[in-house]
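Below is one structure, written out as structure tokens; the observations come after it.
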Amino acid sequence: MSRLPGWRAAFRIARRDAVRAKGRSALVVAMIALPVLGVTAADLTYRSALPTKAEELTAELGSADARFAATSIGPVKLQQMPDGINWSTPEGAPDPTPEEQAKPVDVPAAFPEGSRYLTERSLPASVTTRHGIADTEITELRISDPMLRGRIELTDGAYPRKPDEIAATSDFAKAAGLSIGDSVTVRGPELTYTLTGTVELPADLRADALYALPGSVIAPWQKSADRDKTILPPQSSDPKWLVKGPAGAGVTWQDILAANERGVVVKSRQVALNPPPDSEVPMSSMSSGYSTEAETTAAVLTVAAMAILEIVLLAGPAFAVGARRSRRQLGLVGSCGGSRGQVRAVVLAGGAVLGSVGAVAGVGAGFGLTALFRPMIEDFTGNRFGELTVRPWEILGIAALGLVTGVLAALAPAIVAGRQSVLESLTGRRGTRRSSRVLPVIGVIAIAVGVTVAVYGGISGDTTFVAGGSVLAELGVLGCIPVIVGFLGRLGRRLPLTPRIALRDAARNRGRTAPAVAAVMAAVAGSVAIATYTSSSAAQHAYDFEPNLTPGTVALAASDRGADAELPRSRAAVEQNYPVSGRPADFGRVWAGSDCSVYYEEENGCGTLELIRPTGKGHSCPLKGKGAKELALRLSADEHKRMMRSPACMDENYTMVAFGTGDHKIIIGGADVLDTYVKLDDPAAAKALADGTPVLLNSAYAKNGEVTLKATHLYNDRDKENRALHPGKARTTTDRLKVYVAPDRFAATPGIRMVMPEETAERLGLHVEDYGSFYALGRDATDAESQAAYAAIDQAGNRAYLMSSNERFRTQDDTILLILALFAGVVTLGAAAITTGLSKADAEADLTTLSAVGAPPGVRRSLSGFQCLVVALTGVLLGTVAGLVPAIALRLTDLRAALEGMREDPMQSAYTPIVMPWETVGLLALVVPVLAGLLAAALTSSRLPLARRAG
43 MSRLPGWRAA FRIARRDAVR AKGRSALVVA MIALPVLGVT AADLTYRSAL PTKAEELTAE
103 LGSADARFAA TSIGPVKLQQ MPDGINWSTP EGAPDPTPEE QAKPVDVPAA FPEGSRYLTE
163 RSLPASVTTR HGIADTEITE LRISDPMLRG RIELTDGAYP RKPDEIAATS DFAKAAGLSI
223 GDSVTVRGPE LTYTLTGTVE LPADLRADAL YALPGSVIAP WQKSADRDKT ILPPQSSDPK
283 WLVKGPAGAG VTWQDILAAN ERGVVVKSRQ VALNPPPDSE VPMSSMSSGY STEAETTAAV
343 LTVAAMAILE IVLLAGPAFA VGARRSRRQL GLVGSCGGSR GQVRAVVLAG GAVLGSVGAV
403 AGVGAGFGLT ALFRPMIEDF TGNRFGELTV RPWEILGIAA LGLVTGVLAA LAPAIVAGRQ
463 SVLESLTGRR GTRRSSRVLP VIGVIAIAVG VTVAVYGGIS GDTTFVAGGS VLAELGVLGC
523 IPVIVGFLGR LGRRLPLTPR IALRDAARNR GRTAPAVAAV MAAVAGSVAI ATYTSSSAAQ
583 HAYDFEPNLT PGTVALAASD RGADAELPRS RAAVEQNYPV SGRPADFGRV WAGSDCSVYY
643 EEENGCGTLE LIRPTGKGHS CPLKGKGAKE LALRLSADEH KRMMRSPACM DENYTMVAFG
703 TGDHKIIIGG ADVLDTYVKL DDPAAAKALA DGTPVLLNSA YAKNGEVTLK ATHLYNDRDK
763 ENRALHPGKA RTTTDRLKVY VAPDRFAATP GIRMVMPEET AERLGLHVED YGSFYALGRD
823 ATDAESQAAY AAIDQAGNRA YLMSSNERFR TQDDTILLIL ALFAGVVTLG AAAITTGLSK
883 ADAEADLTTL SAVGAPPGVR RSLSGFQCLV VALTGVLLGT VAGLVPAIAL RLTDLRAALE
943 GMREDPMQSA YTPIVMPWET VGLLALVVPV LAGLLAAALT SSRLPLARRA G
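Here you go:
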């Protein structure tokens, strides 16, 4: 007998039941649709934001067929790969001679006959803005040509069509405060242009650039430089040609081979999209080929599995409540001869019906929201979508996932409904069922095994074990949740009425509460895991980062010899336009003999100054030289970190030379330099400088409180003034100086090893010169303030430059953490709200009884709030603990890789911290549960009309 009529009836009953219970059905559809929406939107965004090969070519070529370019080796035969990136001379061919390299390459002669082309050249330039001066790149390219569509698009105004017109990218125009019609002057040749429009590069929305017509910048700039030797000539790039081949032909592989014979490299759209076989590529034997293997990682599978589990956990209680409220209807099915299988079919059909509706609604909403927020997503990623890329099979798979999830969520309630006797169903008795004592034991075992497996995977470097162990541990926590929820009921004995009822209701209805708590836990665990890993990686990058200045400072330094006379005006320019606070800390440079910044052309043409570092423990870095690798094998990551940060190893791996010091890194300065730049607040150090004693920041150079300073007083014959004062042969002096040694942490001060008083340098026969100033910043400078300061420095003689901090690397990490917190918070609010709604639907009789015995109207509202708070807070706390397992295991994997790298190169950092994202955890553990409770209380009606028994 066919089963189809039975299923048809089951679907009909399920559909009518869904329409009858609109509120509960809407909750289930929302629970299924929301994850489907998220996955659909993520799939569409990822596929659309990830450029295809054709879109990458459009970003490079526009609508041109190819880009032709000469190489730096002259018109000699070449070989290239079809991608137009890799090229070389033929194997065995002799290297081109200097004469051959100097010959020009006739690139246009390599174009296919009947082609049309555009030329492109770029150069760096300093231009005027509304605020002052800014550095940018100017490209000579006729961007109005249709050949550039897809690569450069007009956003406002018009394209440049005259030699004195120019266009700017929208980002540059905004930062520079420029509007259409404003004048832009290129500094140096003082060429002035009118801004006619703003453009954008769809592949790089953050580009800062200017566009002018070919021949309107480089040629007149070069003429100005030829007439006036004080003007630096333009540093332009080699020209490139964008070529549109003959109609319908394009630029073929044979055209490329012909161009290679002339020494021209070609990137062709046609060839890149449809590369020739290796047998036709002469360079294929020299290339290792490409690896484009796509690998589905264990992490992706883990996320998919936990997403399905989360939906099942959220939707399951709704189907359980629905089956309970329809138990009389299900009892009638049984009393009319329906089998247990048919009763189960009715509940499963409800899952299929609501799952289908949720899947369709989720997919549709995913498309709609992606299209609606597309501009915002494009601005965030920094590139325009070529098109909304839809992979039909992926979308169908996502929709099928929603359908299957709905059926899986109804599976457990269907089994329970099928086991109930017809008499219990018709009379409405629920019966009694003791909680399983086996499940918590299995859960505890699963937690122990899962944590062990995850940690083992982290130590061994196997991410599959990390993922599997993390999932197993989380499933173990799920098994323990009913016991945890039951324990919550005991906590309410001494609490006021509504929180006591909320806790006892949660404990009594564990089948409804536990899955919702588990769903919140799953969402929070994933977010906490990613947030912990992200914040830990950010801390590692911050540790590895080498700043060019101490935080919160900026340095003004002279740009050439003799510029000290202009420094007062340059200092005034900075102080008037930059957000500096306090007084400047002036510093100078010191040298011996003739100045090497002037007499550097000939060998041994200037003096030298050197701090001699003693040898032995505390002075020589044990991670460098003989025995370093053997030592590294015995070091832990923490021991290696302490050794790397010791003064002896500070200069070995990286040392920044700035402030005109040379390798000795000695500056002339006073106590204000220690306070403003070094951040050394020590009265003893300030007194030492006042008494003429240098302050040493790196203790590895000191022995018994003294340093050895070696100076070679060599004077160049061209240095006539100093040569007359110091006739005779060069002399070398070695002085032992008493120094004040700063604490070890100041050895990492960027650019400075020792601060020396001016009188001490003069006493040693050294030369000194005022070189600049350090400033403390009240806040980061805006684009307008930076441009204004550069312009003011230029007006002051342009003989100084402003050096600002390069520490701008943690903004993106903060954004990621915020997104994760918002995602987990939304899921937590949704799960708590759904559970509260189900609680109200399942506890109408209890609420009616409360009203009947005279409970105040506000009890109903506060009860909903506390029910929501219980679910959210319990799930968040459990999720935080569960999320630490994969995060710690993955960091152990990173630690293993870092230790391997350190033991190969002992000067490579092995620091791999585990940092808790306390802001994210605090937001989830405190703000979100309280917000969930307040929203539930605010949206719940405080009055319930008394129901009258029928009959």
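Counting from 43, one number per residue, gives the positions in the sequence shown under the working numbering. Just so you know, even glycine gets a beta-carbon here, dropped at the ideal spot from N, CA and C.
Whole angstroms is fine: what's the gap from residue i's alpha carbon to residue j's?
{"i": "R184", "j": "T170", "result": "22 Å"}
{"i": "E946", "j": "A679", "result": "14 Å"}
{"i": "S157", "j": "A106", "result": "10 Å"}
{"i": "E97", "j": "L411", "result": "24 Å"}
{"i": "D198", "j": "L450", "result": "54 Å"}
{"i": "P124", "j": "P319", "result": "10 Å"}
{"i": "A111", "j": "T935", "result": "45 Å"}
{"i": "S569", "j": "T576", "result": "10 Å"}
{"i": "V149", "j": "G116", "result": "11 Å"}
{"i": "A515", "j": "W49", "result": "38 Å"}
{"i": "I437", "j": "V405", "result": "8 Å"}
{"i": "A51", "j": "A68", "result": "22 Å"}
{"i": "S906", "j": "E195", "result": "55 Å"}
{"i": "L919", "j": "T954", "result": "26 Å"}
{"i": "A924", "j": "G500", "result": "16 Å"}
{"i": "G305", "j": "L722", "result": "59 Å"}
{"i": "G702", "j": "I708", "result": "9 Å"}
{"i": "V78", "j": "W295", "result": "45 Å"}
{"i": "K259", "j": "P792", "result": "Here residue 259 is Val; the residue named in the question, Lys, does not match the sequence. About 39 Å."}
Does residue i come out as helix, strand or coil in the three-state DSSP assignment?
{"i": "P166", "result": "strand"}
{"i": "M796", "result": "strand"}
{"i": "R625", "result": "strand"}
{"i": "Y253", "result": "strand"}
{"i": "H583", "result": "helix"}
{"i": "A897", "result": "coil"}
{"i": "R496", "result": "For the record, residue 496 in the displayed sequence is Ala; it is not Arg. It is helical."}
{"i": "I127", "result": "coil"}
On the criterion of 16 or more Cβ atoms from any shown chain inside 10 Å, does residue i qualify as buried, or is it exposed?
{"i": "G290", "result": "exposed"}
{"i": "F587", "result": "exposed"}
{"i": "T802", "result": "buried"}
{"i": "K216", "result": "exposed"}
{"i": "E681", "result": "exposed"}
{"i": "M189", "result": "buried"}
{"i": "I127", "result": "exposed"}
{"i": "W1059", "result": "Absent from the structure is residue 1059, since the part of the chain shown begins at 43 and ends at 993."}
{"i": "G444", "result": "buried"}
{"i": "S502", "result": "exposed"}
{"i": "S330", "result": "Low confidence applies to S330: its pLDDT is 48, below 50, so where it sits in the model is not reliable enough to give any reading."}
{"i": "V71", "result": "buried"}
{"i": "R248", "result": "exposed"}
Using a beta-carbon distance below 8 Å, is residue i in contact with chain E?
{"i": "A600", "result": "Absent from the structure is chain E; it holds one protein chain and no more."}
Tell me, please, which residues DSSP counts as bridged to residue i.
{"i": "G630", "result": "I710 and D812"}
{"i": "F110", "result": "W283 and V308"}
{"i": "H755", "result": "R773"}
{"i": "A17", "result": "The structure shown does not extend to residue 17, since the chain spans only 43 to 993, so no value can be given for it."}
{"i": "G292", "result": "Its beta-bridge partners do not exist; DSSP assigns none."}
{"i": "V118", "result": "DSSP, once it has assigned bridges, lists no residue as partnering V118."}
{"i": "K780", "result": "E748"}
{"i": "A176", "result": "V169"}
If you measure from the CB of residue i, is any heavy atom of the ligand NAD nearer than 7 Å?
{"i": "T703", "result": "No copy of the ligand NAD occurs in the structure displayed, which carries no ligand at all."}
Three or more C-beta pairs below 8 Å linking the stretch 783 to 800 and the stretch 729 to 746: Touching, yes.
Within the chosen definition, does the stretch 806 to 818 reach the stretch 582 to 602 through at least 3 CB pairs nearer than 8 Å? Flag = yes, the stretch 806 to 818 and the stretch 582 to 602 touch.
Counting Cβ pairs closer than 8 Å, one from the stretch 248 to 267 and one from the stretch 84 to 96, do we hit at least three? When Cβ pairs closer than 8 Å are counted between the two stretches, the stretch 248 to 267 is seen not to touch the stretch 84 to 96, the count staying below three.
Cβ contact (3+ pairs, closer than 8 Å) linking the stretch 681 to 695 and the stretch 765 to 777: The stretch 681 to 695 vs the stretch 765 to 777: no contact.
Sufficient close CB pairs (3 or more, under 8 Å) joining the stretch 964 to 984 to the stretch 901 to 919: As far as the Cβ criterion goes, the stretch 964 to 984 touches the stretch 901 to 919, which means the pair count is three or higher.
Using 8 Å as the cut-off, can you tell me whether the stretch 388 to 399 makes contact with the stretch 53 to 66, which would need three or more C-beta pairs spanning the two stretches below that distance? Three or more beta-carbon pairs separated by less than 8 Å link the stretch 388 to 399 to the stretch 53 to 66, which places the two stretches in contact.
Any chance the stretch 778 to 787 sits against the stretch 833 to 847, with 3 or more Cβ pairs inside 8 Å? Two segments are said to touch when three or more pairs of C-beta atoms, one from each, lie closer than 8 Å; by this definition the stretch 778 to 787 does not touch the stretch 833 to 847.
For the structure I just gave you, are there three or more beta carbon pairs, one from the stretch 608 to 619 and one from the stretch 633 to 642, closer than 8 Å? No contact exists between the stretch 608 to 619 and the stretch 633 to 642.
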